[in-house]
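> Below you'll find the structure I mean.
Residue numbers (my numbering), protein chains in the order written: chain A, 104 to 163; chain B, 14 to 324.
Here you go:
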């Protein structure tokens, strides 16, 4: 799955699992703390990762 | 004097806003890792001074409920401090003249800060996959690094309905046939730090994560130009996958391939033959493949899906 394939929160959680090496429950907790508009931002951008792990900057 | 207490293992708990009771626990261990010092000085025969100068308690547990465990703790571990109340081992008290004690008669070992990381995943032909986690607590500045309580009630444990075994392995686009065992050493190096001669460490962090996959079997032609050549074979997440199939809970056989309850683990790394020819007596010759994983710039070195289908 790529980030472009993400269609749902569950897809998004699996994408975070893929990129961050975290458990799905952890991924869902991250998503659940985000307001809906941020979930959409995450879905559309590949650069989101939580502070504790790493943070890549969006490409210009 | 007589024996009045006997305890056995129990499920372990992530005591969070919504508790998670990790099930199918096969073993629980906790060592105090105590550094004792008792030097003899000034030519004395007997030591006169003794002290405990450091402790870094270390625990581990194993589970066969892989999907549940992986969904909660995977490659980058779990911060115990991120849980609302902590992480718990329990000692399940037996009832004299009965089976298990009831009510608030059990023992709890609570950790409130530190890391839980996976150490090893292993499965053999016809065996049940087992996942081992290390528990590496630190001192939170207030509570003992391990808080022991008697007189606690144990939580209810979810149904013991998960067992996984080998389905298939493909590395670098090559199907590895006749797999006898799979082992993943997660290669997670956690270091705990303390200072000021404090007894307990106060900081834990993951220094590096370098997983290594080892596959064993008796198919000698794993080493061949069409499989894994002598100089090795690169694999990507797209063409290197380990699949574990879920057993049915109450009968022989497996959950249907198309049901999303199996586990797939993909990796990016360099596979090479380790044991090309290992023999002993009349036993079949053994071969092994080792595949250290790497970060490909995008995905974690091992990517897991606990809702995979099989094909």
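Note that the Cβ used here is the ideal one computed from N, Cα and C, for glycine as well.
(1) Who does residue 102/B pair with in a DSSP beta bridge?
(2) The beta strand (DSSP E) with residue 326/B in it runs from where to where?
(3) Can you pull the chain B residues whose beta carbon is under 8 angstroms from the beta carbon of residue 66/A, in chain order?
(4) Given a cut-off of 8 angstroms on the beta-carbon distance, is the pair residue 136/B and residue 231/B in contact?
(5) Short of 9 angstroms Cβ to Cβ, which residues in the region 310-324 of chain B face chain A?
(6) Using a Cβ-Cβ cutoff of 8 angstroms, what residues of the region 77-110 of chain B are near chain A? List them in chain order.
(7) Measuring CA to CA, which of 241/B, 309/B, 289/B, 324/B is closest to residue 277/B?
(8) Are residue 125/B and residue 153/B touching if we call contact CB-CB under 8 angstroms?
(9) In terms of residue numbering, what span does the alpha helix (DSSP H) encompassing residue 127/A cover?
(10) Using a Cβ-Cβ cut-off of 8 angstroms, state whether residue 134/A counts as contacting chain C.
(11) By the 9 angstroms beta-carbon criterion, what residues does the region 115-129 of chain A contribute toward chain B?
(12) With DSSP run on the structure shown, which of helix, strand or coil describes residue 157/A?
(13) Could you tell me whether the region 117-126 of chain A touches the region 314-321 of chain B, where touching means 3 or more Cβ pairs closer than 8 angstroms?
(14) List the DSSP bridge partners of residue 246/B.
(15) Could you check how far apart the C-beta atoms of residue 120/B and residue 161/B are, in whole angstroms? I think they sit under 8 angstroms.
(16) If we ignore side chains and look at the alpha-carbon of each, how far apart do residue 36/B and residue 76/B end up?
(17) Can you tell me whether residue 306/B is helix, strand or coil according to DSSP?
(18) Taking residue 145/B as the reference, give the member of 172/B, 86/B, 93/B with the closest Cα.
(19) Find out if the Cβ-Cβ distance for the pair residue 151/B, residue 208/B is shorter than 8 angstroms.
(20) Does the beta-carbon of residue 265/B have 16 or more other beta-carbons within 10 angstroms, so that it is buried, or is it exposed?
(21) So if DSSP puts residue 131/B in a beta bridge, which residue, or which two residues, is it bridged to?
(22) Under 7 angstroms from any heavy atom of the ligand ADP, does the C-beta of residue 205/B make it?
(23) Evaluate the contact criterion for the region 233-240 of chain B versus the region 165-180 of chain B: three or more CB pairs, one atom per stretch, below 8 angstroms.
(24) Return the chain-ordered list of same chain residues with a C-beta closer than 6 angstroms to the C-beta of residue 196/B, the five sequence neighbours on each side being excluded.
(25) Is the Cβ-Cβ distance between residue 23/B and residue 74/B less than 8 angstroms?
(26) Where do the ends of the alpha helix (DSSP H) carrying residue 118/A lie?
(27) Tell me which residue opens and which closes the beta strand (DSSP E) that residue 48/B is part of.
(28) Find the nearest neighbour of residue 31/B within the set 63/B, 61/B, 97/B, 142/B, judged by alpha-carbon distance.
(29) Can you give me the Cβ contacts of residue 202/B inside the same chain, cut-off strictly under 6 angstroms, excluding the 5 residues immediately before and after it?
(30) For residue 129/B, tell me which candidate among 106/B, 184/B, 93/B has the shortest Cα-Cα distance.
Let me spell this out:
(1) 122/B
(2) Missing from the structure shown is residue 326/B; chain B here goes from 14 to 324 and no further.
(3) The structure shown does not extend to residue 66/A, since chain A is modelled only from 104 to 163, so the question has no answer here.
(4) no
(5) For the region 310-324 of chain B, the set of positions with a beta-carbon nearer than 9 angstroms to some beta-carbon of chain A reads 311, 312, 313, 314, 315, 316, 317, 318, 319, 320 in chain order.
(6) 83, 84, 85, 86, 87, 88, 89, 91, 92
(7) Put simply, of 241/B, 309/B, 289/B, 324/B the residue whose alpha carbon is nearest the alpha carbon of residue 277/B is 324/B.
(8) yes
(9) It spans 127-135 - the alpha helix (DSSP H) in which residue 127/A sits, taken as one unbroken run.
(10) Annotation note: the requested chain C is absent from the structure, which comprises protein chains A and B.
(11) If the cut-off is 9 angstroms between Cβ atoms, the region 115-129 of chain A has 117, 120, 121, 122, 123, 124, 125, 126, 127, 128, 129 near chain B.
(12) At residue 157/A the pLDDT is 45, less than 50, meaning the model places this residue with poor confidence; the figure from the coordinates comes in the next sentence. In the structure shown, residue 157/A sits in coil (DSSP, three-state: anything other than H, G, I, E or B).
(13) yes
(14) The partner list for residue 246/B (beta bridge, DSSP) reads 284/B.
(15) 7 angstroms
(16) 7 angstroms
(17) Residue 306/B carries a strand assignment under DSSP once its states are collapsed to helix, strand and coil.
(18) 86/B
(19) No, they are not a contact pair.
(20) Under this definition residue 265/B is an exposed residue.
(21) 146/B
(22) The ligand ADP is not among the ligands present in this structure, which contains no ligands whatsoever.
(23) no
(24) 135, 227
(25) no
(26) In the DSSP assignment, residue 118/A falls within the alpha helix (DSSP H) that extends over 112-123.
(27) 47-50
(28) Ranked by Cα distance from residue 31/B, the options 63/B, 61/B, 97/B, 142/B are led by 97/B.
(29) 220, 221
(30) Comparing Cα-Cα distances from residue 129/B to each of 106/B, 184/B, 93/B, the minimum goes to 93/B.
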